[in-house]
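Numbering (the numbering used here), first residue to last: 38 to 101.
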């Protein structure tokens, strides 16, 4: 029985995007709980050499 590229990769991408949506929801809730603008999080970086969030999310979609 052979395994197609679709069957091997799509479940992983779906799980990754589902997790990413969860992270974004948690970031929004965190911002709102502390009375920050959720839009301010878009320019944040977790480390100085990382891209901002606005570049990482589309980058994740492109890698899929």
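The beta carbon of each residue, even a glycine, is placed where N, CA and C say it ideally should be.
Predicted model only: the values in this text are computed from it and were never measured.
Judged by DSSP secondary structure, residue 92 falls within the alpha helix (DSSP H) whose first and last residues are 90 to 100. Across the structure, residue 91 and residue 40 are spaced so that their CA atoms are roughly 35 Å apart. For the 8 Å CB-CB criterion, residue 95 and residue 79 do not form a contact. Excluding residues up to 5 positions away in sequence, 75 lie with their Cβ nearer than 7 Å to the Cβ of residue 69 in the same chain. For residue 73 and residue 97, the gap between their C-alpha atoms comes out near 25 Å.
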